[in-house]
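> Let me give you the structure first, and then I'll get to my questions.
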Amino acid sequence: MTSRPPSPRRALALGITTGAFYFWGTLYWLVQTMTTFGGLSTLTSAFAALLLVAYLALFPGFFAVFQAAFAHRWGRAAVLLAPASWVATEMGRTYIWDGFPWELLGYSQATVLPVAQIASIVGVYGLSALVAFVSAAAAYAALGSSSTRWRPLASALLIVLVIGVWGAFRVRAHRLTTVGTPIHVAVLQGNIPQEQKWDPAQRGPIMDRYINMTREAVGRGAQFVLWPESSTPLPYEQDPADGAAIRRLAQQSHITLLIGSDQVEPVRAVDSKAPEVRYYNAAYLVQPDGTTGAIYRKIHLVPFGEYVPLKRILYFVGPIIDAVSDFTPGDSIVMLPVAGHLASTAICYEVIYSSLIRSFVEHGSELLTTITNDAWYGWSSAAYQHWEQASMRAIEEGRYLARAANTGISGFVDPYGRVMQASNMFQSAVMVDELRFIKERTIYSYIGDLVGWLGVAVTGLLLVIGRRPRL
3 MTSRPPSPRR ALALGITTGA FYFWGTLYWL VQTMTTFGGL STLTSAFAAL
53 LLVAYLALFP GFFAVFQAAF AHRWGRAAVL LAPASWVATE MGRTYIWDGF
103 PWELLGYSQA TVLPVAQIAS IVGVYGLSAL VAFVSAAAAY AALGSSSTRW
153 RPLASALLIV LVIGVWGAFR VRAHRLTTVG TPIHVAVLQG NIPQEQKWDP
203 AQRGPIMDRY INMTREAVGR GAQFVLWPES STPLPYEQDP ADGAAIRRLA
253 QQSHITLLIG SDQVEPVRAV DSKAPEVRYY NAAYLVQPDG TTGAIYRKIH
303 LVPFGEYVPL KRILYFVGPI IDAVSDFTPG DSIVMLPVAG HLASTAICYE
353 VIYSSLIRSF VEHGSELLTT ITNDAWYGWS SAAYQHWEQA SMRAIEEGRY
403 LARAANTGIS GFVDPYGRVM QASNMFQSAV MVDELRFIKE RTIYSYIGDL
453 VGWLGVAVTG LLLVIGRRPR L
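This is the structure we're talking about:
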């Protein structure tokens, strides 16, 4: 290299600056969400969002520090180690604390279907490594002056070409769309404004809307109908009238329903300070005989949406603390028995946790579903980001994906990430399509995030080796 690598402090500063732009550009919508629904001023919302962005920016900061350390030891060639260290920091972003793996680098390929097919083998972290490798190879060529500087870039482009040709063939063959047992699935998009969900006067009309939409779906041949997250105005088990109407609907129509609703569980108080009840964000499976076949409790809760982390420190977000119910996370994988097969559901943003969806498949899920309420995000790009990240799970697991969202985007994705149907934002929609229960498993479903963990191991090993004095 023609100049010395930056010091750790300067590398950290450069990495954090880059990360700040990266995350502010993808999470800008947090300000609108906290202002509109959290009751904060624009200034306070921006400050709270900046705190999250600053935390997330630490991970690109560490990436830069790792790369600077490698460069001190190996010079210009250290650029080619970037895929390992970048993926290692993405794994950190996923598993440190409760994790926030929103918009990983690999999601940039979600709509480039021939390339995205490699996720069926190496998952989204493998895609991140691929994108990082192409970028690193280009940087290596730009930084050097020798005739060999083009070799890594040529290798990277050849790998992308091979993956693209293989992926295009895989999509064109679409073998997984011809196996398994077909079932007609419906997703309902009620398009209920967030403020109406809290209005007691709207409870009746909201239930009427979903019941009528379900009847329309049944008339179009639906056997399994999905309502969005928190679609019932009151907790399903706490509302005798609406609960009875839902059970009667399932019995009369001979269908299976998946209902997003809160669950309230009494708690035996140990002392006067203990809460009397626990709240869960849940999904109820109502069987054709009207009984409850399963209850899935959301495992990964949304910070500042379903709980407020570090309440004592973040005292200035008081309106959010007052508005947000402290939900309790679920602690177990639950399968949904549907028409003699097993399905699964992810609630809201937990669909971005690839390891969770893989756990569903390991437990026998043959069909992926996800229910969400993205009304919080307004017309921002958040709902589109969420949709594309959910679509990646279909490719990784080789499963059909059905998604019911209150205000959009709802629809269906096939096992190759192809969009079968997708709704428009902020419009009511009843969508029905033929999906399939699939038992076959992808390589990714067996090995999981092996590429991600290899990135962690390689980065750690290189840091250890780099600290040893040269002989």
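Following this note's numbering, the numbering of the sequence shown begins with 3 at its first residue and continues without gaps. Glycine residues also receive a C-beta, built at the ideal position from the N, C-alpha and C atoms. Bear in mind the structure is a predicted one, so any value in this text is a computation, not a measurement.
(1) For the candidate residues Val-363, Val-187, Val-353, Ser-361, whose alpha-carbon lies nearest to that of Asn-375?
(2) Using a Cβ-Cβ cutoff of less than 7 angstroms, which residues in the same chain neighbour Val-538 once the five nearest sequence positions on both sides are dropped?
(3) Which of the three DSSP states is assigned to Pro-305 in this structure?
(4) I need the DSSP call for Pro-8, collapsed to helix, strand or coil.
(5) How would you write the range of the alpha helix (DSSP H) that Gly-487 sits in, first residue to last?
(6) Quick one: Cα of Ala-86 to Cα of Asp-451, how far?
(7) Determine which residues share a DSSP beta bridge with Pro-339 and list them.
(8) Taking the alpha carbon of Val-432 as the point to measure from, which residue in Trp-229, Glu-278, Thr-347 has its own alpha carbon closest?
(9) Where in the segment 362 to 429 do unbroken runs of the beta strand (DSSP E), each at least 3 residues long, occur, reported from the N-terminal end onward?
(10) Opposite Gly-262 in the DSSP bridges: which residues?
(11) Who pairs with Asp-435 in a beta bridge, going by DSSP?
(12) In whole angstroms, what is the alpha-carbon distance linking Trp-496 and Leu-29?
(13) Leu-228 lies in the beta strand (DSSP E); which residues open and close that run?
(14) So, are the CB atoms of Ala-345 and Glu-368 less than 8 angstroms apart?
(15) What distance in whole Å lies between the Cβ atoms of Arg-420 and Gly-413, which are believed to be in contact at a cut-off of 8 angstroms?
(16) Would you mind stating whether Gly-292 and Arg-250 have Cβ atoms separated by less than 8 angstroms?
(17) If you follow the beta strand (DSSP E) that Ile-297 is in, where does it begin and where does it stop?
(18) Suppose the cutoff is 8 angstroms on Cβ atoms and the five residues either side in sequence are ignored; what does the same chain contact list for Val-2 look like?
(19) Consult DSSP for Ile-349 and reduce its assignment to one of helix, strand or coil.
(20) In three-state DSSP terms, what is Glu-218?
(21) For Pro-184, which residues from the same chain have a beta carbon less than 6 angstroms from its beta carbon, with the 5 sequence-adjacent residues on both sides left out?
(22) Output needed for Pro-235: all residues of its chain with C-beta closer than 6 angstroms, excluding positions within five of it in sequence on either side, in chain order.
(23) In angstroms, rounded to a whole number, what distance separates the CA positions of Ile-194 and Asp-328?
(24) Assign Glu-442 to one of three DSSP states: helix, strand, or coil.
(25) So who's on the other strand from Arg-280, going by DSSP bridges?
(26) Compute the minimum distance between the beta carbon of Ile-359 and the heavy atoms of the ligand FMN, and state whether it is under 7 angstroms.
(27) Starting from Ala-112, trace the alpha helix (DSSP H) in both directions and tell me its first and last residue.
In this structure, then:
(1) Walking along the sequence shown from the start, residue 375 turns up at place 373. The option with the nearest alpha carbon to Asn-375 is Val-353.
(2) There is no way to answer for residue 538, as the model of the chain reaches only from 3 to 473.
(3) In the sequence shown, the residue the question calls residue 305 occupies position 303. In this structure, Pro-305 counts as strand in the three-state DSSP scheme.
(4) On the sequence shown, residue 8 is found 6 positions in, with the first residue counted as 1. Three-state result, Pro-8: coil.
(5) In the structure as shown, the chain begins at 3 and stops at 473. Residue 487 is therefore absent and cannot be evaluated.
(6) In the sequence shown, residue 86 corresponds to position 84, counting from 1. In the sequence shown, residue 451 corresponds to position 449, counting from 1. Computed Cα separation, rounded: 13 angstroms.
(7) Residue numbering aside, residue 339 sits at position 337 when the sequence shown is read from its first letter. Answer by DSSP bridge pairing, in chain order: Leu-344.
(8) Working through the sequence shown from its first residue, we reach residue 432 at position 430. Ranking Trp-229, Glu-278, Thr-347 by Cα distance to Val-432 puts Trp-229 first.
(9) 370 to 374, 403 to 407, 413 to 415, 421 to 424
(10) Taking the sequence shown and counting its residues from 1, one reaches residue 262 at position 260. BP columns for Gly-262 point to Ala-285.
(11) Looking up residue 435 in the sequence shown gives position 433. Val-187.
(12) There is simply no residue 496 to check, as the chain begins at 3 and stops at 473 in what is shown.
(13) Taking the sequence shown and counting its residues from 1, the one referred to as residue 228 is at position 226. Looking at the DSSP string, the run of the beta strand (DSSP E) that includes Leu-228 is 226 to 228.
(14) In the sequence shown, residue 345 corresponds to position 343, counting from 1. In the sequence shown, residue 368 corresponds to position 366, counting from 1. Yes, the pair counts as a contact, with Cβ atoms nearer than the cut-off.
(15) Position 411 of the sequence shown, counting from 1, holds the residue named residue 413. Position 418 of the sequence shown, counting from 1, holds the residue named residue 420. Actually they do not touch by this definition, with Cβ atoms about 11 angstroms apart.
(16) Taking the sequence shown and counting its residues from 1, one reaches residue 292 at position 290. Taking the sequence shown and counting its residues from 1, one reaches residue 250 at position 248. Cβ distance < 8 angstroms, so Gly-292 and Arg-250 count as in contact.
(17) Counted from its first residue, the sequence shown places residue 297 at position 295. It spans 294 to 299 - the beta strand (DSSP E) in which Ile-297 sits, taken as one unbroken run.
(18) Not covered by the structure: residue 2. The range shown for the chain is 3 to 473.
(19) In the sequence shown, the residue the question calls residue 349 occupies position 347. Strand at Ile-349.
(20) The residue you call residue 218 lines up with position 216 of the sequence shown. Three-state DSSP puts Glu-218 in a helix.
(21) Your numbering for residue 184 matches position 182 in the sequence shown. Taken in chain order, the residues that qualify are Glu-436, Arg-438.
(22) Taking the sequence shown and counting its residues from 1, the one referred to as residue 235 is at position 233. These residues qualify, in order along the chain: Arg-205, Ile-208.
(23) Here residue 194 refers to the residue found at position 192 when the sequence shown is read from its first residue. Here residue 328 refers to the residue found at position 326 when the sequence shown is read from its first residue. Rounded to the nearest angstrom, the two C-alpha atoms are 23 angstroms apart.
(24) The residue you call residue 442 lines up with position 440 of the sequence shown. Three-state result, Glu-442: coil.
(25) Taking the first residue of the sequence shown as 1, we reach residue 280 at position 278. Its beta-bridge partners are Glu-267.
(26) Ligands displayed in this structure: none; no statement on the ligand FMN is therefore possible.
(27) Numbered from its first residue, the sequence shown carries residue 112 at position 110. Run containing Ala-112: none; DSSP gives neither H nor E here.
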